[in-house]
Amino acid sequence: MLEHDRPITRAYVLHPDLKTDRTRRAADPALEEAVSLAAALPDLQVVGAEVVRLPKLLPGTLFGKGKIAELKDRMKAEEVELVLIDGHVTPVQQRNLEKAWDVKLLDRTGLILEIFSDRARTAEGVLQVEMAALSYQRTRLVRAWTHLERQRGGLGFVGGPGETQIEADRRAIDMQLQALKRQLEKVVKTRTLHRAARAKVPYPIVALVGYTNAGKSTLFNRLTGADVFAKDMLFATLDPTMRQIELPEGDKIIMSDTVGFISDLPTELVAAFRATLEEVLDADLIVHVRDISHPQTEEQSKDVMAILTSLGVADDAPLLEVWNKIDRLPSDDHDGIVTQAARTEDIFAISAITGEGLDPLLDAISELLKDPRTAEQLVLGFGAGKARAWLFDQGVVTGERQSEDGYVIDVFWTQTQASRFRKLD
Numbered sequence: 069m070l071e072h073d074r075p076i077t078r079a080y081v082l083h084p085d086l087k088t089d090r091t092r093r094a095a096d097p098a099l100e101e102a103v104s105l106a107a108a109l110p111d112l113q114v115v116g117a118e119v120v121r122l123p124k125l126l127p128g129t130l131f132g133k134g135k136i137a138e139l140k141d142r143m144k145a146e147e148v149e150l151v152l153i154d155g156h157v158t159p160v161q162q163r164n165l166e167k168a169w170d171v172k173l174l175d176r177t178g179l180i181l182e183i184f185s186d187r188a189r190t191a192e193g194v195l196q197v198e199m200a201a202l203s204y205q206r207t208r209l210v211r212a213w214t215h216l217e218r219q220r221g222g223l224g225f226v227g228g229p230g231e232t233q234i235e236a237d238r239r240a241i242d243m244q245l246q247a248l249k250r251q252l253e254k255v256v257k258t259r260t261l262h263r264a265a266r267a268k269v270p271y272p273i274v275a276l277v278g279y280t281n282a283g284k285s286t287l288f289n290r291l292t293g294a295d296v297f298a299k300d301m302l303f304a305t306l307d308p309t310m311r312q313i314e315l316p317e318g319d320k321i322i323m324s325d326t327v328g329f330i331s332d333l334p335t336e337l338v339a340a341f342r343a344t345l346e347e348v349l350d351a352d353l354i355v356h357v358r359d360i361s362h363p364q365t366e367e368q369s370k371d372v373m374a375i376l377t378s379l380g381v382a383d384d385a386p387l388l389e390v391w392n393k394i395d396r397l398p399s400d401d402h403d404g405i406v407t408q409a410a411r412t413e414d415i416f417a418i419s420a421i422t423g424e425g426l427d428p429l430l431d432a433i434s435e436l437l438k439d440p441r442t443a444e445q446l447v448l449g450f451g452a453g454k455a456r457a458w459l460f461d462q463g464v465v466t467g468e469r470q471s472e473d474g475y476v477i478d479v480f481w482t483q484t485q486a487s488r489f490r491k492l493d
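Quick note: the sequence shown uses the working numbering, first residue 69, plus one each step.
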């Protein structure tokens with residue numbers, strides 16, 4: 069079946085706003101983000117969305133009877149087939165709500181899993197998503213689920229309804245997880261070899277990071293001429309993409325576009341998410357792209373920096389901050405943001421759509437990657453032909469002579485070049 073021939077599912081989005089949770093996010097922007105998440109799946113049509121304010125969460129049904137009845141009428145009128153709840157829903161709550169509303173139901177984790185599954189392209193991305201999905205499914209195996217309340221005929225196992233099948237399902241999932249882990253280990257080894265090969269490339273790596281939908285892929289496409297899928301939706305791209313580009317002064321760099329960050333990332337997806345960020349670990353420069361027109365831009369920025377810190381890269385590589393989407397700002401706000409960015413070191417106001425502000429950003433990238441050069445003397449054995457050729461290719465050799473131990477080579481190079489030379493086999 070072609071993608072455009074897939075049936076469209078009518079979906080309704082709910083954001084539970086628990087009054088007693090002082091750490092909760094602002095309800096309206098959270099609902100807006102949840103609707104954007106739903107819109108990231110091509111076969112979903114969001115026909116309604118609302119914030120449901122709750123004094124407390126009910127363990128069996130999440131919402132009270134009155135609210136469930138009220139929502140049921142609304143969903144019936146809109147012919148809703150799928151309800152998306154922007155939060156955690158237990159298996160029992162899911163079963164009870166599906167029964168009460170006669171719909172399918174996904175919580176935030178389930179929805180993001182669907183998106184990750186739809187977006188993953190690389191072998192590692194696909195495997196990580198499959199493992200996350202299986203781990204999630206394993207937590208959903210509860211005896212209350214009617215489709216699991218069956219016995220395998222003739223086996224004679226003792227236990228309540230469905231116990232036999234649930235355990236069999238769990239064992240099957242565990243076996244699949246083990247098989248996927250073995251495949252993943254092989255893929256990770258291959259990726260490690262590819263990274264080692266890239267380390268021999270003499271060009272510095274610049275990684276674009278940012279909250280999902282901040283415009284990273286649009287900026288990446290504009291700078292590299294690449295055709296990375298860039299659409300106004302969350303998680304428009306999941307896997308990292310790398311391209312070589314030439315800066316205005318002629319210097320060449322490798323630019324990497326990464327998956328968008330998101331707050332409250334479900335636990336099952338942390339490994340899958342971080343696997344897509346491994347390019348950031350090797351970056352010589354990190355460019356943090358922010359949607360400066362978004363009302364929650366400060367909160368999004370904090371989420372991104374928290375993840376970079378947890379990855380251990382926030383302090384290792386220099387970082388530039390880019391305030392993107394200034395074309396969406398009212399003229400007064402636009403001028404104020406541009407002025408503020410111009411007065412602040414390492415912050416640049418741009419529009420990836422119109423190209424405004426890109427030249428100063430590229431100049432800054434070029435300047436930051438121009439390490440001060442130092443003189444050094446190297447001694448290479450006569451068998452180190454590849455390393456010697458690499459030095460000459462870089463144009464850093466200022467003198468050479470032979471000794472009993474091999475080649476004595478004088479070089480004048482940057483710290484980046486020295487680091488990459490030492491990563492050569």
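Virtual Cβ for every residue (Gly too), placed ideally from N, Cα, C.
Separation of residue j from residue i, as counted between CA atoms
i	j	result
LEU179	PRO316	42 Å
TRP391	VAL357	6 Å
ILE415	LYS144	50 Å
VAL197	GLN312	28 Å
THR158	GLY128	9 Å
GLU192	ILE241	19 Å
GLU149	ALA79	6 Å
LEU376	GLU366	15 Å
VAL120	ASP85	6 Å
LEU125	LYS87	10 Å
ILE136	ALA275	46 Å
GLY228	GLU235	Confidence in GLY228 is poor, its pLDDT being 42 and thus under 50, which makes the residue's placement unreliable; the coordinate value appears in the next sentence. Taking the straight line joining both Cα atoms gives about 12 Å.
SER399	SER419	14 Å
ASP186	LEU446	50 Å
ALA457	GLU444	17 Å
LEU349	VAL355	13 Å
PRO75	ASP111	6 Å
ARG250	ALA188	19 Å
PRO440	SER471	29 Å
GLN113	GLY380	39 Å
LEU291	GLY467	37 Å
TRP481	PHE489	10 Å
VAL277	LEU152	28 Å
ARG90	LEU122	13 Å
Residue burial classification, residue i (beta-carbon count within 10 angstroms, cutoff 16)
i	result
PHE184	buried
LYS393	buried
ASP352	buried
SER378	exposed
LEU139	buried
THR309	buried
GLY155	buried
LYS257	exposed
LEU492	exposed
GLN408	exposed
GLN483	exposed
PHE460	exposed
ASP175	buried
GLU147	exposed
PHE225	Interpretation of PHE225 is limited by its pLDDT of 33, a score under 50 that renders its predicted location unreliable; the figure taken from the coordinates is listed afterwards. Answer is exposed; the Cβ neighbour count stays below 16.
LYS370	exposed
Reduced DSSP category for residue i - H, G, I as helix; E, B as strand; rest coil
i	result
GLY423	coil
ILE76	coil
ARG93	coil
ILE330	coil
GLY134	helix
PHE450	coil
GLN364	coil
GLY278	strand
LEU112	strand
ALA417	strand
PRO428	helix
THR412	coil
GLY474	strand
LEU388	strand
GLU192	helix
GLU496	Because residue 496 is not part of the residues shown, which for the chain are 69 to 493, the question remains open.
THR482	strand
GLU314	strand
LEU86	strand
ARG488	helix
Inter-stretch contact at 8 Å, needing at least 3 Cβ pairs: the region 321-335 / the region 232-246: The answer is no - the region 232-246 does not touch the region 321-335, with fewer than three Cβ pairs under 8 Å.
Between the region 447-454 and the region 402-422, do three or more beta carbon pairs fall short of 8 Å? The region 447-454 vs the region 402-422: no contact.
With contact counted as at least three CB pairs below 8 Å, one residue from each stretch, are the region 130-146 and the region 94-101 in contact? Contact fails: fewer than three Cβ-Cβ distances are below 8 Å.
Starting from the N-terminal side, write out each stretch of the beta strand (DSSP E) that is 3 residues or longer and does not extend beyond the region 159-186. Counting only runs of 3 or more, we get 172-175.
Are three or more beta carbon pairs between the region 99-112 and the region 164-171 nearer than 8 Å? Touching, no.
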